[in-house]
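Presented below is the structure to which this report refers.
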Amino acid sequence: MAASAPALAVARTPLQQLGDRLLEAAPGLITWVLLLSPAWIPIAFGSDGAIFVAVAVLIFDLYWFLRSAIVITGIWRVYFRMRRAMRTDWLSLCQAEPRVEGRPHPLDYYHLCVIPTYTEPYHVLEATVQAIVDASYPKELKLVGIITRVTDKPGWRNVARLKEKFGDQLAGLYHIKDPMEPPLVPGKSAAMNWGGRDMYRRLSAEGYDPKRVLLTDLDSDYRVHPEYFGWISLHHARRELRDYTIWQPVPLFHNNIWRVPTAVRVMSASTSMWQMFLHSQGPNRLVAFSSYTCTLQFCDDIGYWDKDVIPEDSRFYWKAFFTFGSRFEVKSVWLPMYGDSPESRDYAATHLNQYNQIKRWAWGITDVPYVLRRLFKHPEIPLWLRIRRFSNLFLNHLNWIFLPVLMIFGGSVPLWVSVDFSIMDLGENLWKYSIEVLVSAVATVIALIVLEHLMLPPKPASWGPVRRWLIYVQYISYPIVGLMLSVLPALEAHTRLLLGKYLEYRVTEKV
12 MAASAPALAV ARTPLQQLGD RLLEAAPGLI TWVLLLSPAW IPIAFGSDGA IFVAVAVLIF
72 DLYWFLRSAI VITGIWRVYF RMRRAMRTDW LSLCQAEPRV EGRPHPLDYY HLCVIPTYTE
132 PYHVLEATVQ AIVDASYPKE LKLVGIITRV TDKPGWRNVA RLKEKFGDQL AGLYHIKDPM
192 EPPLVPGKSA AMNWGGRDMY RRLSAEGYDP KRVLLTDLDS DYRVHPEYFG WISLHHARRE
252 LRDYTIWQPV PLFHNNIWRV PTAVRVMSAS TSMWQMFLHS QGPNRLVAFS SYTCTLQFCD
312 DIGYWDKDVI PEDSRFYWKA FFTFGSRFEV KSVWLPMYGD SPESRDYAAT HLNQYNQIKR
372 WAWGITDVPY VLRRLFKHPE IPLWLRIRRF SNLFLNHLNW IFLPVLMIFG GSVPLWVSVD
432 FSIMDLGENL WKYSIEVLVS AVATVIALIV LEHLMLPPKP ASWGPVRRWL IYVQYISYPI
492 VGLMLSVLPA LEAHTRLLLG KYLEYRVTEK V
């Protein structure tokens, strides 16, 4: 399988290649310098350096405590907005919307779901298409395009079965056969590049207006909420900058939540919660993630998804930003998009599946050199906006690794490397101070447990009362689970980019 080297199709001079390589190495180098700073600063600067590290650890502990409160508050706000949206009949509101001259009506829009597939079993695709069919929106306005590789004969058979079952319940169900023309990195982004172009050609030839076709990039295991299409149509029609907008739902990995092991369940819950928090922070923090919606014309305007990358959603976001500038925004959809948690054939493989999925997401660090090359080439975009968006990108990837490690280990490392510091009052009490602050922050877990209880699907009837309540204790394991299944894969991604060991795309196994 091809590795994700940058700009596969673009010839570069040796000097340009050196510059590219330095930009690639910079994020990983900064990560490791900061990660090792609790050790090298006391070694380089003695007890003064150890004191500096200790004070920094306490400041970050306090920051984490305040941040935890902000995150919990934001998540609860989003939950209440989602609950209201889920109880609303958005199709009725679309139908009641008056027609205004010069503005599209919500029911002028077709919804096209493009689903890339590779090795997924039929029952996974069947559930995904069934959710589209069942969604509260006229069937004559719903389209589905399913991408398989030209060589994927089992995939062809799956599409044929789907056409037989659902063909008359949709305006169209298209089989997109991807020839995988090089150069490319096999994966979702390359598949969506072909699928988007193919659907643009086909639908334009059939008389559809690409500005009136709302394309949803839909993972094969994702199930749309019944009100999703109505919500999008109404808000898209009302928005003045509709042609420059990506609509981002809230991903909840609940489809198989009770089948996966505790560690995977904890990671899925924390990922969903983090995405909910980002929705509370407004469009400058929100980026395209996993599955989202925009017009087919939007895709054509920015040149579709790149063929040579792994993090297709974030790269799609940055292409849109540099194409449309300050007109472009990612807007929240206050509805869930239900997905699968990583699951595999056995216990060990399931955890490896989770590890590889997080590593693939963390490979979004490759966006840092991509953005840096373009950051100062777009004077039409306000400088403050370019800097703000880039800062969010870089700090999110940096803090993903640095903050958890600093808070767990930062208080002890200066004691090991500086004898003078270890006998000071601050040195003797640093662990005590850190633990007191972090234990206070852990108290916010109670709020997450309550929220999870409200959001999760019903537990299996076969579960006894003890098992039903023990699952709430699982969140106490997050520091260890997060270190093993979030920080380590992210650190591997940064280190790979630092060393030029490019990541290969691995499909998250579906069972």
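Quick note on the numbering used here: the sequence shown kicks off at 12 and runs consecutively. C-beta: ideal position from N, C-alpha, C; glycine also.
query = Can you tell me whether ASP232 is buried or exposed, with buried defined as 16 or more other CB within 10 angstroms of its CB?
reply = Under this definition ASP232 is a buried residue.
ask   = Apart from the five residues just before and just after PHE63, which ones in its own chain have a Cβ nearer than 8 Å to its Cβ?
value = Taking PHE63 as the centre and dropping the five residues before and after it, the same chain places the C-beta of ILE52, PHE56 closer than 8 Å to its C-beta, in chain order.
task = Would you mind sorting GLN27 into buried or exposed? The rule is 16 or more other CB atoms within 10 Å of its CB.
result = GLN27 should be labelled exposed.
message = Residues in the same chain with beta-carbon distance under 7 Å from SER343, minus the five sequence neighbours each way, listed in chain order, please.
response = Contacts found: GLN259, HIS290, LEU297.
query = When the Cα atoms are used, what is the spatial distance from PRO500 to MET93?
reply = Cα to Cα, PRO500 sits roughly 31 Å from MET93.
ask   = Would the segment 264–279 and the segment 298–305 be scored as touching if the rule is three or more Cβ pairs under 8 Å?
value = The segment 264–279 makes no contact with the segment 298–305, as fewer than three CB pairs between them are under 8 Å.
request  = Only counting runs of 3 or more residues, tell me where the beta strand (DSSP E) segments fall wholly within the segment 324–371, in order along the chain.
outcome  = Listed in chain order, the complete beta strand (DSSP E) runs (minimum 3 residues) inside the segment 324–371 are 340–349.
request  = Run the CB neighbour count on VAL358, radius 10 Å, all protein chains shown included, and call it buried at 16 or more, exposed below.
outcome  = Sequence inspection shows Tyr at residue 358; the Val mentioned does not correspond to that position. Burial call: exposed.
message = Quick check on the burial criterion: 16 or more other C-beta atoms within 10 angstroms. Buried or exposed for TYR120?
response = With at least 16 other beta carbons inside 10 angstroms of its own, TYR120 counts as buried.
task = Would you mind reading off the limits of the alpha helix (DSSP H) that contains TYR211?
result = It spans 199–216 - the alpha helix (DSSP H) in which TYR211 sits, taken as one unbroken run.
query = At what residues does the beta strand (DSSP E) containing ASP232 begin and finish?
reply = Boundaries cannot be given for ASP232, as no beta strand (DSSP E) includes it and DSSP labels it neither H nor E.
ask   = Any idea which residues DSSP pairs THR139 with across the strands?
value = DSSP, once it has assigned bridges, lists no residue as partnering THR139.
task = Compute the beta-carbon to beta-carbon distance between VAL68 and GLY421, rounded to the nearest angstrom, for a pair I have assumed lies under 8 Å.
result = About 4 Å; that satisfies the 8 Å criterion.
Residue nearest to GLN286 in terms of C-alpha spacing, selected from PRO322, ARG168, LEU73, TYR90 = Looking at the Cα atoms, TYR90 is the closest of the given residues.
key: Residues bridged to GLU175 (per DSSP)   = Answer is none; GLU175 lacks a bridge partner.
request  = Identify, in the order they occur along the chain, each residue of the same chain with its Cβ nearer than 6 Å to the Cβ of ILE54, setting aside the five sequence neighbours on each side.
outcome  = Cβ within range, chain order: VAL428.
ask   = Nearest-angstrom Cα distance between ASP59 and ILE369?
value = If you take the alpha carbons of ASP59 and ILE369, they lie about 38 Å apart.
ask   = Leaving out five residues before and five after VAL416 in sequence, what residues of the same chain have Cβ atoms less than 7 Å from its Cβ?
value = Correct list, in chain order: LEU46, VAL498.
task = Mind reading off the beta-carbon distance from LEU225 to LEU123? Whole number of angstroms is fine, and I expect it under 8 Å.
result = Contact between LEU225 and LEU123 holds: their C-beta atoms lie close to 7 Å from each other, under 8 Å.
task = Specify the secondary structure class of ILE70 as computed by DSSP and reduced to three states.
result = ILE70 falls in the helix class under three-state DSSP.
ask   = Short check: CB of LEU152 to CB of LEU118, under 8 Å?
value = The answer is yes: Cβ separation under 8 Å.
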